[in-house]
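> Residue numbers (my numbering), protein chains in the order written: chain A, 21 to 258; chain B, 3 to 583.
Every residue, glycine too, gets a C-beta built ideally from N, C-alpha and C.
Predicted model only: the values in this text are computed from it and were never measured.
Dumping the structure here so I can ask a few things about it.
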Amino acid sequence: MRIVVSIKRYNPEKKPQAYTQEFSLDVKPTDRVLDVLVSIKENQDSSLTFRKSCAHGVCGSDAMIINGQERLACKTLVKDVAQVDNDRIEVEPLRSMPIQRDLAVDQGVFFDNYRKIDPFLRPKEKPPKEEYRQSQKEREQFEDPTKCILCSACYSSCPVIEAGEKKFVGPAASAQAARFAFDTRDVGIAGRLEELDTPDGVAACDNHFNCTKVCPRGIKITKNINTLKKSIKKHKES
Amino acid sequence: MKHELDVVVVGAGGAGLYAALEASRNKKVKNIAVVSKLFPVRSHTGAAQGGIGAALGNLEEDKPEWHAFDTVKGGDYLVDQQAAMILANEAVDSVYDLEHNGLPFNRTEEGKIDQRRFGGHTRNFGEAAVRRSCYAADRTGHMILQTLYQQCIKNKVAFFNEFHLLDVLIDGNTCQGIVAYDLATGELHTFHAKAVLLATGGFGRMFRITSNAFANTGDGPAVLAQQGLPLEDMEFFQFHPTGIRGMGILITEGVRGEGGILRNCDGERFMERYAPTLLDLAPRDMIARAITTEILNGKGILKKPQGDDYVHLDTTHLGKEVLEKKLPDITEFCRTYQDIDPITTPIPVQPTAHYGMGGIPTDVNGQVFGDTKGTIVEGLYAAGECACVSVHGANRLGTNSLVDLIVFGKRAGSSVASFAAGAQHQPIPVNADDRAKKRIIDLSNSSSNVKQDVLRKKMRDTMMDGVGIFRNGNDMADAIETIKELREDAKDLSVSDANAKYNTELMDTMELKNLLDLSLITAVSAHNRQESRGAHAREDFPDRDDANFLKHTYASLNKDEVRLEYKSVDTSIWEPKPRKY
Ligand SMILES: Cc1cc2nc3c(=O)[nH]c(=O)nc-3n(C[C@H](O)[C@H](O)[C@H](O)COP(=O)(O)OP(=O)(O)OC[C@H]3O[C@@H](n4cnc5c(N)ncnc54)[C@H](O)[C@@H]3O)c2cc1C
Ligand code: SF4
Ligand code: FES
Chain A
21 MRIVVSIKRY NPEKKPQAYT QEFSLDVKPT DRVLDVLVSI KENQDSSLTF RKSCAHGVCG
81 SDAMIINGQE RLACKTLVKD VAQVDNDRIE VEPLRSMPIQ RDLAVDQGVF FDNYRKIDPF
141 LRPKEKPPKE EYRQSQKERE QFEDPTKCIL CSACYSSCPV IEAGEKKFVG PAASAQAARF
201 AFDTRDVGIA GRLEELDTPD GVAACDNHFN CTKVCPRGIK ITKNINTLKK SIKKHKES
Chain B
3 MKHELDVVVV GAGGAGLYAA LEASRNKKVK NIAVVSKLFP VRSHTGAAQG GIGAALGNLE
63 EDKPEWHAFD TVKGGDYLVD QQAAMILANE AVDSVYDLEH NGLPFNRTEE GKIDQRRFGG
123 HTRNFGEAAV RRSCYAADRT GHMILQTLYQ QCIKNKVAFF NEFHLLDVLI DGNTCQGIVA
183 YDLATGELHT FHAKAVLLAT GGFGRMFRIT SNAFANTGDG PAVLAQQGLP LEDMEFFQFH
243 PTGIRGMGIL ITEGVRGEGG ILRNCDGERF MERYAPTLLD LAPRDMIARA ITTEILNGKG
303 ILKKPQGDDY VHLDTTHLGK EVLEKKLPDI TEFCRTYQDI DPITTPIPVQ PTAHYGMGGI
363 PTDVNGQVFG DTKGTIVEGL YAAGECACVS VHGANRLGTN SLVDLIVFGK RAGSSVASFA
423 AGAQHQPIPV NADDRAKKRI IDLSNSSSNV KQDVLRKKMR DTMMDGVGIF RNGNDMADAI
483 ETIKELREDA KDLSVSDANA KYNTELMDTM ELKNLLDLSL ITAVSAHNRQ ESRGAHARED
543 FPDRDDANFL KHTYASLNKD EVRLEYKSVD TSIWEPKPRK Y
């Protein structure tokens, strides 16, 4: 089928303003949007810039806005966003991060926020000779956020971040805070209170649920944030 | 721009990160930096699914010695046996180390690390399949990559992200640093270092159907080959039996470890005919050939011996619980990319180019060999998929690559750090980046209309069809000629994007040239090995020939020719025997 792909372009070396460019091409309904972008780059405009690597939704390189919503280009098939001939697919870079070139954005702040929550195990005991014991049930308590591929789709979708009125480390960093706080091997909330209980931590989340809707790994981000909020409160009261 | 460092690690996958982490634990080494063309967490280690092998014996008796034997036998006796012992022995502590650093392994009822069956891993030297693969759902690699990145953040390792390695500086027999291209600015950076460790990963992108990421273009081995250094056993490339039809996306062997069954168009469990003991858990080379043979005999699902036919991986008897809890990502890939639900419908699969057993020759401490006599290139190290220790021989067992990363990544990291602690910077020329600069200028100045995507497609088809699962002398000779022509055409390649910043077209072109060099080396090494061993299966030489070919290939590039030499294999523990399962 033939589709029209309209891409928001920006290349400050050439032109100070962003503009929109349309490409028309033949595709299969089962092609990934990433395949479509690669085809445009190979056959129509080699200067089109975007990131890619794994091509099956596990590396987090190609989050972008496709038809108004944050998605991974490699996990979105043409048929998910275009049904009949001459349907348009609109592609834009993620929000709330500076555009570097075309669909590539600067995730510097996103990663800085991730680092802020101390995203590594802080063991509460010295390691035994073999493994720490942990039940499958205990593991399941923090499994959900371990799926995160740090694609920053959630960050782009977050209205609190976009408004910029209050500081917020963002959904992904918050979910990672929950990942460590609820790991039975970690010092947990008690040991992490200083980083967790800050105005720019989970407290800043207003429960818009956008992040949960867009997360390509299906992480229940808002739920993780709310559980962490409750646990912090409980911990402080006890 | 110039940087002066103690150690520079190139690559931020499992091998590079573990090496950097281990090096950062040495207090005598001050400046360690990791240079990577991808952000660390985007590395392809994150795609590894099934698990990491270690004889923990959490569910049934197991021993490192059995693991080492399986590795040797799986590799069709081209494995260096003392290295395999190190691999199996140190796997155990390395897995515990990862767990202590937070890796969320699945658990047994007792709260220990859970283990599943995997191809070629057996108890008591081949008696029956054993539970050896430690796993975190079907995202083991993702968890390893995350855990190691987290630990590097903790140890404040410095990263230069989206920097592409273009050159390794070697004077005589001493490595002095590297030159890398900064994607964000288009500038060249010279990293003057006491020691360099390459961990640039795989090169499956030379084949049409592959499980490998776009970034897997073998830049590290290629840059060394371009300077005439040898690469080892490049003819051994593993095709994984189960890639998603047409796309190559991997369906982990863990699916068969949990009980999945391969079936042909008659619904027959055809592995009963090829490997009566291990069945669907036989080593990968055997199963990939079995699938291809079924297809050639008209037993593919489409019954079309020509073209891209496929077989079924039947998971419908495993139940929702196993699929959604132990194989959640696989289940989702099927739903996303094939619109099928593996709970009720078998998965359409075909072999996919997966893993390079060969690479940069190293000793068990990651030091790079410059020739077959064992001369070390001072200050140069390699680890991970780009290296060849050799613990995978002619065919790698599932779960052994992740073990390789953490065991030999760690060893290389520790030895590179001790080396750097006692070494001085070797002087480098003022224009150390000249060669890299020339590579870029050559591409910007050419005005021909050779198109890189045309060359790329032709390379991938040529390698898949001529140097693929089944090989023969004539087809390989043709493939060599074609690859030579493509390399000739590639000399005229030009880049039309003239922008300095984020010029991905320029880097795509560099990667293509690297792949072409590795393709030539692979094809020539394969052509000269007149026997069948592990993943190298020749129709014209169907048997293994220990008398003439129980030896490692060392192939070095000299302009358009490949020079071959051979080195003996360490068989000091187990005598080579025919490989039956
Ligand atoms: C889909 C899939 C599933 C797998 N599953 C398993 C499994 O279950 N068990 C198992 O044992 N093995 C598995 N493997 C194999 C295993 O995952 C890989 O062999 C291994 O992860 C490679 O790790 P690495 O650190 O060597 O390289 P990678 O993780 O590929 O990292 C390479 C690094 O080098 C950098 N780099 C590359 N070129 C340059 C350059 N020019 N300049 C600067 N940096 C550069 C990249 O940015 C990257 O950081 C799987 C492989 C695939 C493809
Ligand atoms: S939480 Fe989801 S959307 Fe956010 S970075 Fe992680 S994977 Fe991406
Ligand atoms: S390319 Fe890796 S997530 Fe899309």
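CB-CB under 7 Å to B/S26, same chain, minus the five flanking residues each way: which ones, in chain order?
I34, N157, V159
> Restricting to Cα atoms, I'd like to know which of B/D491, B/A528, B/N505 is closest to B/N474.
Among B/D491, B/A528, B/N505, the Cα nearest to that of B/N474 belongs to B/A528.
> Can you check whether the C-beta of A/N31 is within less than 8 Å of a C-beta belonging to chain B?
By this cut-off, A/N31 is an interface position.
> Please identify the residue among B/T176, B/K328, B/I303 whose C-alpha is closest to the C-alpha of B/P350.
B/I303
> List the residues of chain A that B/E507 touches, going by C-beta distances under 8 Å, in chain order.
K61, S66, S67
> In chain A, what lies closer than 7 Å to B/E101 by C-beta?
E151, Y152
> Using CA coordinates, which residue listed in B/F41, B/D173, B/I575, B/D341 is at the minimum distance from B/H427?
B/D173
> Please check the pair A/L248 and A/A201, which I expect to be a contact at CB under 8 Å, by giving their CB distance rounded to whole angstroms.
About 6 Å separates the two Cβ atoms, so the contact holds.
> Can you determine whether any heavy atom of ligand 4 sits closer than 7 Å to the C-beta of B/L329, and answer yes or no?
The model on display carries ligand 1, ligand 2 and ligand 3 but not ligand 4.
> In three-state DSSP terms, what is B/T294?
helix
> Quick one: grab the DSSP three-state call for B/G1.
Residue 1 of chain B cannot be examined here, being either before or after the span of chain B that is shown, 3 to 583.
> Using 8 Å as the cut-off, can you tell me whether the segment 466 to 480 of chain B makes contact with the segment 183 to 202 of chain B, which would need three or more C-beta pairs spanning the two stretches below that distance?
no
> Cβ of B/I345 within 8 Å of Cβ of B/V313?
Judged by their CB atoms, B/I345 and B/V313 are not nearer to each other than the 8 Å cut-off.
> From B/M465, B/M359, B/N367, B/L168, pick the residue whose C-alpha is nearest to that of B/Q228; which is it?
Closest option to B/Q228, Cα to Cα, is B/L168.
> With DSSP collapsed to three states, give me the class of B/P350.
strand
> Anyone know if the C-beta pair for A/S176 and A/S81 falls short of 8 Å?
no
> What are the start and end residues of the beta strand (DSSP E) that includes B/T176?
Element bounds for B/T176: 176 to 184.
> On the DSSP bridge assignment, give the partners of A/L97 in chain order.
Beta-bridge pairing links A/L97 to A/R52.
> In this structure, how does DSSP classify B/L150 when only helix, strand and coil are distinguished?
helix
> Cβ of B/R489 within 8 Å of Cβ of B/D562?
yes
> Residues in its own chain within less than 8 Å of B/M288 by CB, not counting five upstream and five downstream?
Y276, A277, Y583
> Compute the beta-carbon to beta-carbon distance between B/F238 and B/G536, rounded to the nearest angstrom, for a pair I have assumed lies under 8 Å.
6 Å
> Here's a check: name, in chain order, each residue in its chain whose Cβ is nearer than 8 Å to the Cβ of B/S417, leaving out the five neighbours to either side.
N367, G368, Q369, Y383
> So what does DSSP say about B/E270, is it helix, strand or coil?
coil
> If you measure between the beta carbons of B/G48 and B/L200, is that distance less than 8 Å?
no
> To test your reading of the DSSP string, which unbroken alpha helix (DSSP H) runs of 4 or more residues are found completely within the segment 141 to 214 of chain A?
156 to 166, 173 to 177, 179 to 183, 191 to 201
> Which residues bound the alpha helix (DSSP H) around B/P243?
No alpha helix (DSSP H) holds B/P243; the beta strand (DSSP E) holding it covers 239 to 246.
> Give a yes or no on contact between the segment 182 to 193 of chain A and the segment 133 to 140 of chain A, applying the rule of three or more CB pairs nearer than 8 Å.
yes
> What residue range is occupied by the uninterrupted alpha helix (DSSP H) comprising B/F551?
First-last of the alpha helix (DSSP H) with B/F551: 548 to 551.
> Nearest CA to the CA of B/E62: which residue from B/E189, B/S558, B/A130?
The option with the nearest alpha carbon to B/E62 is B/A130.
> Return yes when at least one heavy atom of ligand 1 lies under 7 Å from the C-beta of B/K196, else no.
no
> Can you find a heavy atom of ligand 3 that lies under 7 Å from the Cβ of B/K503?
no
> Can you list the beta strand (DSSP E) stretches of 3 or more residues lying completely in the segment 322 to 373 of chain B, in chain order?
349 to 358, 369 to 371
> Do you know offhand how far B/G360's Cα is from B/C390's?
Computed Cα separation, rounded: 5 Å.
> Please report the distance separating the alpha-carbon of B/L252 from that of A/H255.
44 Å
> Please go through the same chain and pick out, in chain order, the residues whose beta-carbon is closer than 6 Å to the beta-carbon of B/T244, but skip the five residues on each side of it.
Once the five neighbours on either side are set aside, the close Cβ partners of B/T244 are I253, L315, V351.
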